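I have placed the structure first, in the form of structure tokens, so that the comments after it can refer back to it.
See below:
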């Protein structure tokens, strides 16, 4: 196992992971990503057990996740997409995508697509929940598949984030952990009978698969996947915030907590920018 991780680390990042924008002490990309992956799996395992003993305040947790997600999308992810346009343009081959304006259009198209897909699935499940019934098998399977995709994507793009900034990858891991907590609550709410038996473990399988697959993706492909698939995920995070704070979960939110978490995320990004300039 150690030899496998060492070889994968050399392929992923022969120069080593650096703390912030090519400054600081080198670290092992693979080990950092593996630790983040294990943390996400642990969150999936822990949340239902805490919920069973009433150790979670869903309104507070939902609003923390919503605030962090909104701050991440607009203050971290989208500026990152824009900053990487020149690099992405070098990897695409179509003439249309060589124009940065067109490339930015496609990126935001993926953001909108992610929002619409999440919205459609949530609306279908919510309409059935209001009637006191579970949605059909197609809606449930679609929800689980999209969350497997999210788990897969989360760990797939971690090496790219880690090479750019260890702090950025840690923040991404924390935000996605809260996102998974929120989605766990949502799926448990909409599918109380089905989700607890299989859905959660399938999502965990997606997290593990993304981490394993990341070893075999080249850096240029990784960059393109991070940009477009990350934009799709950003759209889903926006919808996650909307459904939490605007009553799709029947008022299970807490606005002061949402505002505090959004402010906290804004301060973190501001401090990261200051550290980059100081260094």
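In the numbering used here, the protein residues as written are 188 to 466. Beta carbons: idealized from backbone N, C-alpha and C, even for Gly. Model, not experiment: these values are computed from the prediction.
Taken in chain order, the complete alpha helix (DSSP H) segments of 4 or more residues contained in the region 305-378 are 324-343, 345-351 and 353-377. Between the region 223-231 and the region 386-397 there are three or more C-beta pairs closer than 8 Å, enough to call the two in contact. Considering only 294, 428 and 315, the residue with the shortest C-alpha distance to residue 268 is 294. With 16 or more other Cβ atoms inside 10 Å of its own Cβ, residue 249 counts as buried.
In the structure shown, residue 280 adopts coil according to DSSP, grouped into three states.
With fewer than 16 neighbouring CB atoms inside 10 Å of its own CB, residue 400 falls in the exposed class.
Residue 459 and residue 313 have their C-alpha atoms some 38 Å from each other. Secondary structure note for residue 396: its alpha helix (DSSP H) is the uninterrupted segment 387-400. Looking at 377, 414 and 452, the one whose alpha-carbon comes closest to that of residue 278 is 414. Relative to the Cα of residue 430, the nearest Cα in the group 309, 218 and 284 belongs to 309. Residue range 265-270 is occupied by the alpha helix (DSSP H) that includes residue 268. If you ignore the 5 residues before and after residue 368, its C-beta comes within less than 7 Å of the C-beta of 230, 234, 248 and 252, all in its own chain and listed in chain order.
Under the 10 Å beta carbon count, residue 282 is surrounded by fewer than 16 other beta carbons and is classified as exposed. Residue 262 is positioned such that its CB atom lies no closer than 8 Å to that of residue 290. When only Cα atoms are considered, residue 454 and residue 447 end up about 11 Å apart.
Here residue 452 is buried. Its C-beta has 16 or more other C-beta atoms within 10 Å. Residue 336 is classed as buried because its beta carbon has at least 16 other beta carbons within 10 Å across all chains shown.
In this model, residue 232 and residue 238 are separated by some 11 Å (Cα to Cα). Here the alpha carbons of residue 358 and residue 298 stand approximately 20 Å from one another. Cβ neighbours of residue 382 within its own chain (closer than 7 Å, five residues either side excluded): 374 and 375. In this structure, DSSP gives residue 216 a helical state, which the three-state scheme calls helix.
The Cβ neighbour count for residue 287, taken over all protein chains shown within 10 Å, is under 16; the residue is labelled exposed. Sorting 443, 302 and 296 by C-alpha distance to the C-alpha of residue 425 places 302 at the top.
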